[in-house]
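S.K.:
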Amino acid sequence: MNAQLRIPQLNPILIREARTRMRGARPYLILTIFLLVLILTTFGIYQYMVSQARSGTVVLSSHIGQALFKGLAFTEMFFIVLVAPILTSSAISSERERLTYDMLLATPLRPGQLLSGKLIGALSYLFLLIVASIPVFSIVLIFGGVSLRTLVLTVILLGGAALFFGTIGLFSSALIGRTVPAVILSYAIVLLICGVPLIIASIWPQFSTPPGQSPPPWLLYLNPFSAIVAVTTVVPMMPQPDLPFFSVSDPFMVIPFLSQFSTGIVRYAPEGPLLMPVYRATLLGFGLGTFILLWISSHLALPTRKWQPRWSDLGFVVVIGAIALVMWVTVEWWWIVPPVEPWLMPVDAPPIAPPMVP
Amino acid sequence: MTLAIETIELTHRYKKLIALDRLNLQVPQGCIYGFIGPNGAGKTTTLRLLAGLQTPTSGEIRLMGERLSSRLAQRFVGYMPDFFGVYDDLRVWEYLDFFARCYGLRGARLRQVVDELLELVDLSDKRDAFVQTLSRGMQQRLCLAHALVHDPPILLLDEPASGLDPRARVELRELLRTLRDMGKTIMLSSHILSELAEVCDAIGIIDHGRMLISGPLAEVQQQLATGSRVRMRIARESDVVLALTLLQHQPLVQTVSTVPADPRSLIVDFTQPIGEEQCATFLAELVSAGVAISEFSARSENLEEFFLRLTMANTG
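Here the protein sequences line up with chains S and Y, keeping their order.
For the first sequence, position 167 matches number 167 in the numbering used here, and the numbering has no gaps at all.
Here the numbering used here runs 1000 ahead of the position in the second sequence, where the first position is 1.
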């Protein structure tokens, strides 16, 4: 008999996930479909830009690069939002359904290890997809026009979204315990975060007082699509601010479909169009949300005394507190106060002409 | 004698439902203890409490003389749940490797444990097969092996024989005996009572969360023996009426009935257990009266009948 049991050092769940994740045809099928979608997106955007050039619009090489990058980043974000919750929403529930949950709980494996192993296992597959898409993304390099800062921000945003939406699936799985309802709950939360703000943003001008105002930026803070559009949009310098904003770099012009996801991202000020950097709040919000959901899930996954304080809570409190502190200190950086829209600004009364003196 | 498992006034409630009601259980070390009860009697709850997977509402659990904590349960208990779950996409050795890692084993020790356990449960030749391709009996043995990776002194097996064919049951029984010989204390629940009778040293019968009777198998059988039964077959049909008349006039006979499928077969229930000499005298009386008897067998009440009688009496 072992006198003492050791808590496993290298997460066994992670080792199991690594062994089994790529078994069978399904992972390869998803990878193939994902890459095909990206290739088709690239081809579609390129054809669109060529047609724009043929119709007389000035299309520079950098314009094509920017349009391709924006389209691919958006497609990748769409895929992550769609796939991350489904990869993790069976994490706990499948163990319960396969009746292996009790067997795991009877071992010294900690709920935190179970959750982190499942999350990292699922996310590693998502990161594999992202890495596999690099050759497709590299087409952008042929055309240029994308800065290193944009590239880094996009990668951070995609990674943050994968983590956050993966955690949503994990939370649903720990909360409900059955896979199908957990998947439904995950997508309901995703819809609440991604769909509802966009719908409200699109109807905001009709219901604002006075009518016609742009939606407030805070409405889009947690929306990954608004964030990716905000990162990848290039606002041109406007030599003549009074003229309407039309250019191939305009998010409303480059890929027409994206206009549905970019409401409220570009504002018009007297000095020209302004980009609302909502991605800052998105990144901080995803970080905070991820750790809060992980904290709750670590308690939900416990077999007994779910809400009894544990030492691991201290770690969560420290991390969540640190993120909250950073948010408080940097509030002026991420909390966006949009400029007053020009048409709402009070118009100076025309000078009264002095009376004519005969 | 040191007790491997002891529960003192163990009570567990699921909201208003009392699953266990002041259960007192004592299982000596190195014994195979059979836990019998109808569905919902509290067997699985008891095993889950012993494995540290649930916290009792009140009462105390002691394993190897120490008060239960989750760490203690992990160290002392190997637990096999009632419905065996498998990881479809794992190979047999990977399955054991995974659980061994969960218990903190690594390196050469881990590989050694996996090899030894595969040998113990006779699955060495299936080492690289996927778990889902194994037969039900093999899966059950593999699951039992998973509960042994950390070499615990106590094994808790919930319905280990359910769904197994007769051959697999025999193999499982042999494996349990081997484990007992290795010094393990095994507590198993089952509905297949004849299985328990063949393998268990002690049994406990539970119903509605209460222990009705518990102790060594022979003692329990003796305590519950309230009567005996004899089955006989009359060689000639014309003798059946005479035999019935003679039997009904015997003072120890409680009831005599014919078997519907075979009118020449009679079942005789006695008011008290009868010994071999009494049986011989009884048979001689019938033969001397001219009744030709082709078969005669005395039998005690079996475990299944005990169980039914006890649980029905408890329900009534």
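Glycine included, every Cβ here is placed at the ideal spot set by N, Cα and C.
Since the structure is predicted, the reported quantities are computational estimates derived from the model, not experimental observations.
May I have the straight-line CA-CA distance separating Y:G1042 from Y:G1209, to the nearest angstrom?
M.R.: Rounded to the nearest angstrom, the two C-alpha atoms are 5 Å apart.
S.K.: Let me know if S:R16 comes out buried or exposed under the rule of 16 or more other beta-carbons within 10 Å of its beta-carbon.
M.R.: Label assigned to S:R16: buried.
S.K.: Short of 8 Å Cβ to Cβ, which residues in the region 20-42 of chain S face chain Y?
M.R.: From the region 20-42 of chain S, only T20, R23, G24 have a Cβ closer than 8 Å to chain Y.
S.K.: Report the residue from S:Y101, S:P338, S:T107 whose alpha carbon sits nearest the alpha carbon of Y:Y1103.
M.R.: Comparing Cα-Cα distances from Y:Y1103 to each of S:Y101, S:P338, S:T107, the minimum goes to S:T107.
S.K.: Where does Y:N1039 land, buried or exposed, given buried means 16+ other C-beta within 10 angstroms?
M.R.: Exposed, since its Cβ has fewer than 16 Cβ neighbours within 10 Å.
S.K.: On the premise that Y:P1081 lies in contact with S:M327, defined as a C-beta separation below 8 Å, what is that separation, rounded to the nearest angstrom?
M.R.: Not a contact, Cβ separation roughly 44 Å.
S.K.: Taking all protein chains shown into account, decide if Y:K1015 is buried (16 or more other Cβ within 10 angstroms of its Cβ) or exposed.
M.R.: Exposed, by the Cβ-count rule.
S.K.: Given Y:Y1087, which residues of its chain have a CB within under 7 Å of its CB, disregarding the five upstream and five downstream residues?
M.R.: Only Y1095, V1131 meet the Cβ criterion.
S.K.: Just tell me which of S:W335, S:G56, S:V140 has its CA closest to the CA of S:P217.
M.R.: Among S:W335, S:G56, S:V140, the Cα nearest to that of S:P217 is on S:W335.
S.K.: Relative to chain S, which residues along the region 1106-1127 of chain Y have a C-beta separation below 9 Å, given in chain order?
M.R.: Per Cβ criterion, the list reads R1106.
S.K.: How big is the Cα-Cα spacing for S:S226 and S:S262?
M.R.: The straight-line gap from Cα to Cα measures roughly 6 Å.
S.K.: When you compare each of S:P273, S:G315, S:T233, S:A122 to S:I92 by their alpha carbons, which one comes out closest?
M.R.: The option with the nearest alpha carbon to S:I92 is S:A122.
S.K.: For the candidate residues Y:D1262, Y:H1249, Y:L1176, Y:V1220, whose alpha-carbon lies nearest to that of Y:M1232?
M.R.: Cα-wise, what sits closest to Y:M1232 is Y:D1262.
S.K.: Just verifying my parser: in three-state terms, what is the DSSP assignment at Y:H1146?
M.R.: Here Y:H1146 sits in helix by DSSP.
S.K.: Given Y:L1242, which residues of its chain have a CB within under 8 Å of its CB, disregarding the five upstream and five downstream residues?
M.R.: Around Y:L1242: A1289, G1290, V1291.
S.K.: When we look at the beta-carbon of Y:H1249 and count the other beta-carbons within 10 Å, is it buried (16 or more) or exposed?
M.R.: With fewer than 16 other Cβ atoms within 10 Å, it is exposed.
S.K.: Which residues share a DSSP beta bridge with Y:A1202?
M.R.: Y:A1202 is bridged to Y:Y1033, Y:P1216.
S.K.: By the DSSP assignment, the beta strand (DSSP E) with Y:T1007 in it spans what residues?
M.R.: Looking at the DSSP string, the run of the beta strand (DSSP E) that includes Y:T1007 is 1003-1014.
S.K.: Mapping DSSP to helix, strand and coil, what is Y:A1019?
M.R.: If DSSP states are grouped into helix, strand and coil, Y:A1019 belongs with the strands.
S.K.: Need the endpoints of the alpha helix (DSSP H) that S:Q361 sits in, please.
M.R.: The question about residue 361 of chain S has no answer, for chain S in this structure spans 1 to 358.
S.K.: Are the C-beta of Y:H1012 and some C-beta of chain S separated by less than 9 Å?
M.R.: So no, Y:H1012 is outside the interface.
S.K.: Since S:P338 contacts S:M276 with CB under 8 Å, what's their CB separation in whole angstroms?
M.R.: Yes, S:P338 and S:M276 are in contact; Cβ-Cβ is about 6 Å, under 8 Å.
S.K.: Where does Y:S1297 sit, in a helix, a strand or coil, going by DSSP?
M.R.: Note: Y:S1297 maps to strand in three-state DSSP.
S.K.: Could you compute how far the alpha carbon of Y:L1148 sits from the alpha carbon of Y:R1106?
M.R.: Approximately 15 Å, taken between the alpha carbons.
S.K.: So is S:K371 buried or exposed if we call it buried at 16+ other beta carbons inside 10 Å?
M.R.: The structure shown does not extend to residue 371 of chain S, since chain S spans only 1 to 358, so no value can be given for it.
S.K.: Going by DSSP in three states, Y:G1137 sits in which element: helix, strand or coil?
M.R.: Residue state, collapsed to three classes: helix.
S.K.: Grouping DSSP H, G and I as helix and E and B as strand, with all else coil, what is S:I336?
M.R.: The answer is coil: DSSP assigns S:I336 none of H, G, I, E or B.
S.K.: Spatial neighbours of S:T41 within its chain, please: CB distance less than 7 Å, with the 5 preceding and 5 following residues excluded, ordered by chain position.
M.R.: Cβ neighbours of S:T41 beyond the five flanking positions: G71, L72, T75.
S.K.: Give the interface partners of Y:G1030 over in chain S, defined as CB-CB distance under 8 Å, in chain order.
M.R.: Result: empty, since nearest Cβ-Cβ is about 13 Å, beyond 8 Å.
S.K.: From the DSSP secondary-structure annotation, give me the bridge partner or partners of Y:S1189.
M.R.: DSSP lists Y:F1035, Y:D1158 as partners of Y:S1189.
S.K.: Under 9 Å between beta-carbons, which chain S residues line up against Y:H1146? List them in chain order, please.
M.R.: The contacting residues are M103.
S.K.: Tell me the residue span of the alpha helix (DSSP H) that contains Y:D1181.
M.R.: Note, Y:D1181: alpha helix (DSSP H), 1166-1181.
S.K.: Rounded to the nearest angstrom, what separates S:F252 and S:L163 at their Cα positions?
M.R.: Legend: pLDDT at S:F252 = 41, less than 50; position of this residue unreliable, no value from coordinates given.
S.K.: Taking all protein chains shown into account, decide if S:P12 is buried (16 or more other Cβ within 10 angstroms of its Cβ) or exposed.
M.R.: So S:P12 counts as buried.
S.K.: By Cβ distance below 8 Å, which residues in the same chain neighbour Y:F1270 in space, the five residues on each side in sequence not counted?
M.R.: These residues qualify, in order along the chain: G1227, S1228, R1229, V1230, L1252, V1253, Q1254.
S.K.: Answer yes or no: the CB of S:G285 versus the heavy atoms of the ligand MN, is any distance below 8 Å?
M.R.: By its list of ligands, the structure shown contains no ligand whatsoever, and the ligand MN lies outside what it can speak to.
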